[in-house]
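Notes for the one structure printed next.
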């Protein structure tokens, strides 16, 4: 489990608040964990290993 060292305060509507807490309850998780997961999946999608290799090859080439 990562060490969480920063806190973010987010204001939600009543509907959003109840939605995230009900979803967390159904998934046996916390609202914070769901929000962290959503951020990682939606805003920071992981680059595939193949893409990383291609990018590295491009960076290593020197064009004249």
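Numbering (the working numbering), first residue to last: 29 to 92. Think of the CB as a built atom: it goes at the ideal place given N, C-alpha and C, for glycine as much as any other residue. In this text the structure is predicted, and so the values were computed from the model without any measurement.
The alpha helix (DSSP H) with residue i in it runs from where to where?
i: residue 62; result: 59–66
i: residue 44; result: 42–55
Go ahead and pull the three-state DSSP assignment for residue i.
i: residue 92; result: Bear in mind that the predicted position of residue 92 carries a pLDDT of just 48, short of 50, making it unreliable; the figure below should be weighed with that in mind. Coil at residue 92, not helix or strand.
i: residue 71; result: helix
i: residue 39; result: coil
i: residue 79; result: helix
Within 10 Å of its beta-carbon, does residue i have 16 or more other beta-carbons around it, so buried, or fewer, so exposed?
i: residue 92; result: Its pLDDT being 48, under 50, residue 92 is placed unreliably in this model, and the coordinates cannot settle the point.
Among the candidates the options, whose CA atom is the shortest distance from the CA of residue i?
i: residue 35; options: 72, 48, 61, 77; result: 61
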